[in-house]
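Keeping their order, the protein sequence lines are chains X and R. With the numbering used here applied, the first sequence corresponds to residues 245 to 789, in that order. With the numbering used here applied, the second sequence corresponds to residues 327 to 621, in that order. Worksheet: the structure to be examined is printed underneath.
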Amino acid sequence: MRFGVLKFLCLVLTFLALLACGARESNVVQGNRDGILHFGNGAEPQGLDPHVVTGIPESLIINALFEGLTVKNPHTLESEPGVAQRWDISDDGLTITFHLNPEAKWSNGDPMNAEDYVWSWRRALNPAMGNQYGYMLYPLKNAEEFATGKIQDFSDVGVKAVDEHTLQVKLNTPTPYFIQLMDHHSTFALHRPTIEKHGKATDRFTPWTRVENIVSNGAFRLKDWQLNRRLSVEKSDTYWDRDRVQLNGIVFYPTENIASEERMFRVEQLHYTQTIPLEKIPVYRAMKDSPYANAPYLGTYYYLLNINEPPLDDVRVRQALSMALDRERLNNTVLHKSNVPAYSITPPGTLGYQPPKVFDHNIEAARELLAEAGYPNGKGWPGLELTYNTSESHLKIAVALQQMWKDALNIDITLTNQEWKVYLDSVDQMDFQMARRGWIGDYVDPNNFLDLFLCDGGNNSTGFCDPDYDDMIQRQAPQANSRAERYAIFHQAETRLMEQMPIIPIYTYTSNHLIHPSVQGLPPNLMDYVNFRYIWLDKNQEVVE
Amino acid sequence: MATPKINDVAQAEQGTSLWRDAWLRLRRNRLAVLGLTVLLLFIFIAAVTPWIAPYDYAQQDLELGAAPPSAAHWLGTDIFGRDLLTQIMFGGRISLAVGFIATAVALLIGVTWGAIAGYMGGRVDAVMMRLVDIIYALPFMIFIVLLMVVFGRNMLLLFLAIGAVEWLTMARIMRSQVQSLRQQEFVEAAISLGLPTAAIIRRHLIPNALGPIIVYTTLTIPSVMLLEAFLSFLGLGVQPPETSWGLLISYGAESMEEYPWLLLFPGLALTLTLFSLNFLGDGLRDALDVRGAKD
Chain X
245 MRFGVLKFLC LVLTFLALLA CGARESNVVQ GNRDGILHFG NGAEPQGLDP
295 HVVTGIPESL IINALFEGLT VKNPHTLESE PGVAQRWDIS DDGLTITFHL
345 NPEAKWSNGD PMNAEDYVWS WRRALNPAMG NQYGYMLYPL KNAEEFATGK
395 IQDFSDVGVK AVDEHTLQVK LNTPTPYFIQ LMDHHSTFAL HRPTIEKHGK
445 ATDRFTPWTR VENIVSNGAF RLKDWQLNRR LSVEKSDTYW DRDRVQLNGI
495 VFYPTENIAS EERMFRVEQL HYTQTIPLEK IPVYRAMKDS PYANAPYLGT
545 YYYLLNINEP PLDDVRVRQA LSMALDRERL NNTVLHKSNV PAYSITPPGT
595 LGYQPPKVFD HNIEAARELL AEAGYPNGKG WPGLELTYNT SESHLKIAVA
645 LQQMWKDALN IDITLTNQEW KVYLDSVDQM DFQMARRGWI GDYVDPNNFL
695 DLFLCDGGNN STGFCDPDYD DMIQRQAPQA NSRAERYAIF HQAETRLMEQ
745 MPIIPIYTYT SNHLIHPSVQ GLPPNLMDYV NFRYIWLDKN QEVVE
Chain R
327 MATPKINDVA QAEQGTSLWR DAWLRLRRNR LAVLGLTVLL LFIFIAAVTP
377 WIAPYDYAQQ DLELGAAPPS AAHWLGTDIF GRDLLTQIMF GGRISLAVGF
427 IATAVALLIG VTWGAIAGYM GGRVDAVMMR LVDIIYALPF MIFIVLLMVV
477 FGRNMLLLFL AIGAVEWLTM ARIMRSQVQS LRQQEFVEAA ISLGLPTAAI
527 IRRHLIPNAL GPIIVYTTLT IPSVMLLEAF LSFLGLGVQP PETSWGLLIS
577 YGAESMEEYP WLLLFPGLAL TLTLFSLNFL GDGLRDALDV RGAKD
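What follows is the structure, encoded as structure tokens:
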């Protein structure tokens, strides 16, 4: 037996050694020489249409391929010029004029102009488009009315091409974060002739995003897309700021299996990983000059509750489920203290805002609530299904929580995993009872988390609808005179939300990446924002100890 | 040794049944006996697991986490602090059940189907085998996924679904065996004696085709166990906290560098079972080979 174990280990070691020092040059060495970044990108992208997709893997690729009116500085997260060279905000804060860079071009050489934005925003807001991020443009005058079909005439919406290179925008109320929104992919301009060549403007998933068809305006353009293997982009020679782009290309790898992603990193097949397996955290933490980068991240990990479905239609059941969880314990054990327990949707300290904490871990109270709801000690419990997208860490969290619920409330929760695209569909169509969800801030403001749960919020997905809540978020908060007043309204609204508990918050994210020391210009920031234009590869930093 | 007496010889000439004969020969094959013993032991343990398991299989001890083998946990614990021995015992129940039940289903359908097609020949054969070809052509994963989606997730259905796709090869093997046997004199003799078709198939054809069938069966059981692991990984088979060897191995493989015991012990359990099955199958084939030397 002992001999067997030894032999087995020898075999494994030999195999690993072969992998590590095989004859082939590693991606990292080759990439550093050729200026190609090998980027672990999480899941296979659902698509590349900026007005359709919603996930992080997609947005990373789209940020390489396209560029918004503004982009963010990865160090400060301040907005800086993208397609717009500069912008003026009127004194009343209601009119913004973007001056487009005359050098800005599409990847086929066509010049970009203000009309591209008017057409693209019309597409992004068109109800037929089903764009879940359409609300990013709702600060525009009449945009919401157009998106919900209340008005048909797009010329009433507050966007206008004054001349070829001037775009004028009218807002409903002064919106401090509107400039930030311009680097979100749902506000990007798209190439009209290409889209119309491959279908109606509002068709989802037409072939316009294929390698041979796509026309984009970013620092890179699509070179190759092998489904479930890799997606490569190369430096664009039509990009206005091409002289500052230092990478010659990026290869995005779908790395849904985080254990193999970590292994790929270790054998230098990747410069950057999307995340790190939980059990590897202690190992990498102990390293000197560790490639492990852990930083606060503007996002919340939570479970969606479908409040139309029994037994979750009873608020007491929802509260009981949430109170029964020991988030501290989960974070200290399974998560290796890599995150922060969450009790509300907004991450604490978002631009100085502190969310309310309306409940705490309290098994006694949870049991009482469940008994009141008609399931004393889990008796008569009809069962509940938790859906999550296939991933080892979601599974681990789900298994630990499943048992916490069993121990605390004596109720059974079944687990179902789904592949990313199927999972997204289930969530969109509310075809679930309880589903894992994460929300990553698209701009730094509590509003970005709280407007998820508006009655018609595209990412609400819970059935929660409270007109008073909507009124606070949509009408009262924007009219507040000071930040303190605005935050007080948010606090009140969030308290209302969490008392109804349409979601079970679990933890506040931190970003967890492995970054090869040769990668420069990729600083940690609150939004885990990657600006590929800033990245360069330092050939002198070859070795990971 | 004394010379054999007359009535000893008479007894030897009395003739023994096929099964008794096979059993005697099997007993002489040491590896096969070892395989059989291990299998029976595993099946016994699986049957009584709920009463003898040292821990509750879902019981977690998050603070303990993944701990190497110790006096309290003989095979260590997984990352949730669950006892690995208990997990393997409960996992074995599912893996063995899937392996045997699904294979039995495949055997039943495949052997009957193949024997009928092979014996009847002609148009019946053509229709039956084309049907097999058609089902073969269906991507079997999609077929199983469809079954699971239509009928919902259910352990028994999982067994049936796997069995329902695994019978095809069995049918083909059986058919070719029967086709060659059908030409032989003893079958013709049976036909001319007026034995009904069902009896001929049952009494003469199936026992004579047993060798390859048994070998193939011992190969089917492990592949079915692995298929179950694959389905579970896709979210179609068993779901946590239920477990199976295949699932334990796939989770163990993810963290084999940090916690090697999580891969090693479930792997060992599966390997032992597969080896036992192969030895037993090998022995059975030799033992049941009626054309082999009968000394």
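No residue lacks a Cβ here, since even glycine has one placed at the ideal position from N, Cα and C. Computed from a predicted structure; not experimentally measured.
### Query
Going by DSSP, what residues sit across from ALA432 of chain R in a beta bridge?
Note: ALA432 of chain R sits in no beta bridge, so no partner.
### Query
Along chain C, in chain order, which residues have C-beta atoms closer than 7 Å to that of GLU389 of chain R?
Given the protein chain composition of this structure (X and R), no chain C is represented.
### Task
Spell out whether any CB of chain R is found under 8 Å from the CB atom of GLN646 of chain X.
yes
### Query
Can you tell me the Cα-Cα spacing of VAL511 of chain X and GLY402 of chain R, whole angstroms?
29 Å
#### Entry: Residues near LEU574 of chain X by beta carbon distance below 8 Å, same chain, minus five either side
PRO585, ILE641, ALA644, LEU645, MET648, ILE750, TYR751
### Task
Identify the contact partners of PHE406 of chain R in chain X, using a Cβ-Cβ distance below 9 Å as the criterion.
THR577, VAL578, LYS640, VAL643, ALA644, GLN647
#### Entry: C-beta neighbour in chain X for PRO567 of chain R, strict 8 Å
yes
### Message
Please list, in chain order, the residues of the stretch 567–586 of chain R that have any C-beta partner in chain X closer than 9 Å.
### Response
PRO567, TYR577, ALA579, GLU580, SER581, MET582, GLU583, GLU584, TYR585, PRO586
### Query
Hey, is GLN509 of chain R's beta-carbon within less than 8 Å of any beta-carbon in chain X?
no
### Task
Leaving out five residues on either side along the sequence, give the residues of the same chain with a beta carbon under 6 Å from the beta carbon of ALA387 of chain X.
LEU369, LEU381, VAL401
### Message
Tell me which residues of the stretch 495–510 of chain X have at least one Cβ-Cβ distance to chain R shorter than 7 Å, keeping chain order.
### Response
ALA503
### TYR445 of chain R and ILE527 of chain R closer than 8 Å at C-beta
yes
### Query
Using a C-beta to C-beta distance shorter than 7 Å, which residues of chain R count as neighbours of GLU572 of chain X?
In chain order: nothing, as chain R lies at least about 11 Å away.
### Message
Suppose contacts are defined by Cβ-Cβ distances below 8 Å. Is LEU473 of chain R in contact with TRP587 of chain R by that definition?
### Response
no
### Task
With ALA487 of chain R as the anchor, note down where its alpha helix (DSSP H) starts and where it stops.
481–508
### Query
Does DSSP put PHE790 of chain X in a helix, in a strand, or in coil?
With chain X represented from 245 up to 789, any question about residue 790 of chain X goes unanswered, as that position is not in the structure.
### Message
On the DSSP bridge list, what partners appear for LEU678 of chain X?
### Response
A quick correction: the sequence has Met, not Leu, at residue 678 of chain X. Paired residue(s): X:LEU549, X:LEU630.
### Task
Within its chain, find whatever has a CB closer than 8 Å to the CB of VAL774 of chain X; leave out the 5 residues flanking it on each side and keep chain order.
LEU304, ASN307, PRO318, LEU766
### Query
With burial defined as no fewer than 16 other Cβ atoms inside 10 Å of the residue's Cβ, what is the status of GLY266 of chain X: buried or exposed?
Here the model assigns GLY266 of chain X a pLDDT of 49, short of 50, so the residue's position is not dependable and the matter cannot be decided.
### Contact under 8 Å by Cβ, PRO746 of chain X with SER755 of chain X
no
### Query
Can you find a C-beta in chain R that's less than 8 Å from the C-beta of LEU659 of chain X?
yes
### Task
Check whether the Cβ of GLU523 of chain X lies closer than 8 Å to any Cβ atom in chain R.
yes
### Task
Starting from TYR361 of chain X, follow the alpha helix (DSSP H) in both directions and report where the run begins and ends.
358–369
### Message
Could you compute how far the alpha carbon of ASP714 of chain X sits from the alpha carbon of THR660 of chain X?
### Response
33 Å
### Task
Using alpha carbons as the reference points, say which of X:GLU523, X:PRO591, X:GLN720 lies closest to TYR545 of chain X.
X:PRO591
#### Entry: Own chain, CB closer than 7 Å to LEU390 of chain R, minus 5 neighbours either side, in chain order
THR403, GLY407
### Message
For a cutoff of 8 Å on Cβ pairs, would you count GLU202 of chain X as touching chain R?
### Response
Chain X is shown from 245 up to 789; residue 202 of chain X falls before or after that span and cannot be answered.
### Task
Could you give the DSSP three-state label for GLN405 of chain X: helix, strand or coil?
Rather than Gln, the amino acid found at residue 405 of chain X in this sequence is Ala. Strand at ALA405 of chain X.
### Query
Skipping 5 residues on each side, what residues in its chain have a beta carbon closer than 6 Å to that of TRP780 of chain X?
GLN490, GLN764, GLY765
### Task
Would you kindly check if the distance between the Cβ of ASP427 of chain X and the Cβ of LYS349 of chain X is under 8 Å?
no
### Message
Rounding to the nearest angstrom, what Cα-Cα distance links LEU614 of chain R and GLU568 of chain R in this structure?
### Response
38 Å
### alpha helix (DSSP H) runs contained entirely in the stretch 528–595 of chain X, provided each spans 4 or more residues
559–567, 571–576
### Query
First and last residue of the beta strand (DSSP E) that includes TYR773 of chain X?
Where TYR773 of chain X is concerned, there is no enclosing beta strand (DSSP E), given that its DSSP letter is neither H nor E.
#### Entry: Top-ranked residue by Cα proximity to GLU311 of chain X, from X:ARG367, X:HIS429, X:PRO418
X:HIS429
### Query
Mind listing which residues of the stretch 578–595 of chain X have their C-beta closer than 8 Å to chain R's C-betas, in chain order?
VAL578
### Message
Give me, in chain order, the residues of the same chain whose beta-carbon lies closer than 7 Å to that of GLY374 of chain X; leave out the 5 immediate sequence neighbours on both sides.
### Response
ARG448
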